[in-house]
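Below is one structure, written out as structure tokens; the observations come after it.
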Amino acid sequence: MSESANMLLTGQVCVIMGIQNRWSIAYAIAERMAEAGATLALTYLDDRAGRDANVLIEKYGGRGYTCNVASDEDLDRLGADLKQDFGRIDTLVHSIGFAPAAELAGRFVDTSREGWRVALDISAYSLVASAQRLAPLMTEGGSIMTLTHLGADRAFPKYNVMGVAKAALESSVRYLAFDLGEQGIRVNAISAGP
Numbered sequence: 001m002s003e004s005a006n007m008l009l010t011g012q013v014c015v016i017m018g019i020q021n022r023w024s025i026a027y028a029i030a031e032r033m034a035e036a037g038a039t040l041a042l043t044y045l046d047d048r049a050g051r052d053a054n055v056l057i058e059k060y061g062g063r064g065y066t067c068n069v070a071s072d073e074d075l076d077r078l079g080a081d082l083k084q085d086f087g088r089i090d091t092l093v094h095s096i097g098f099a100p101a102a103e104l105a106g107r108f109v110d111t112s113r114e115g116w117r118v119a120l121d122i123s124a125y126s127l128v129a130s131a132q133r134l135a136p137l138m139t140e141g142g143s144i145m146t147l148t149h150l151g152a153d154r155a156f157p158k159y160n161v162m163g164v165a166k167a168a169l170e171s172s173v174r175y176l177a178f179d180l181g182e183q184g185i186r187v188n189a190i191s192a193g194p
């Protein structure tokens, strides 16, 4: 592959939300984007995850931000910080999903109201909440991507409420694409496999 093809993202600010550790999909996406020339803005939940994100920042440059997507205040701060640090962004990768472990251990029919609320808030609504704050920074258009799972379309043992959350996430992608398309912002979901 040519050098110019390898640097396809030069000059672009790419926000990757949900760095968990060096084995997470978000980490690998951030690494590939940096290798393609992107300027990285990485979010992570806590200091433990931040240590792995900082490995990428030390190697490729960029900035790191602690952000709990269940907190409107954290998301507001992230939007303000990104605007101050970069002025604009080009890409948002949403790699966030969570359900309480107890909701994945048993049968779907036994899902608790709180487990349902948490799974859909963190796994689906967080994309909408992030787009509310970050799409206005895509002043030249851009791309929003999220990660889904085959469990959105099919029932898998022990995936339970996460399948419902991923189905809600995929529907949210369609509605965000409808709303943001006229601003030149593409919104897509990628399924990395079961």
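Going by the numbering used here, the first residue of the sequence shown is number 1, and it counts up by one from there.
In this text, a Cβ means the ideal position worked out from N, Cα and C, and glycines have one as well.
- In the same chain as Gly37, and ignoring 5 residues on each side of it, the C-beta atoms closer than 6 angstroms to its own belong to Met7, Leu9, Thr10, in chain order.
- Around the CB of Glu103, 16 or more other CB atoms lie within 10 Å, so the residue is classed as buried.
- Apart from sequence neighbours up to five positions away, the residues of its chain that approach Val13 with a beta-carbon distance below 7 angstroms are Thr39, Ala41, Phe86, Arg88, Ile89, Asp90, ordered along the chain.
- Distances from the alpha-carbon of Met145 to those of Leu176, Glu170, Val93, Thr111 put Val93 closest.
- For Ala119, the enclosing alpha helix (DSSP H) starts and ends at 113-120.
- When DSSP states are grouped into helix, strand and coil, Arg63 belongs to the strand group.
- Close CB contacts of Arg133 within its chain, under the 6 angstroms cut and outside five residues either way in sequence, are with Leu75, Gly79 (chain order).
- Residues of the same chain with a CB within less than 6 angstroms of the CB of Ala165, apart from the 5 flanking positions on each side, are Ala119, Leu120, Ser123, Ala124 in chain order.
- Counting the other CB atoms within 10 Å of its CB gives Val109 a total below 16, which places it among the exposed residues.
- Rounded to whole angstroms, Ile29 and Ile16 show a C-alpha spacing of 8 angstroms.
- The residues Ile19, Leu42, Tyr44, Gly64, in chain order, have a CB closer than 6 angstroms to that of Ala53 in the same chain once the five nearest residues on each side in sequence are set aside.
- Around the beta carbon of Asn160, 16 or more other beta carbons lie within 10 angstroms, which makes this residue buried.
- With fewer than 16 neighbouring CB atoms inside 10 Å of its own CB, Ala105 falls in the exposed class.
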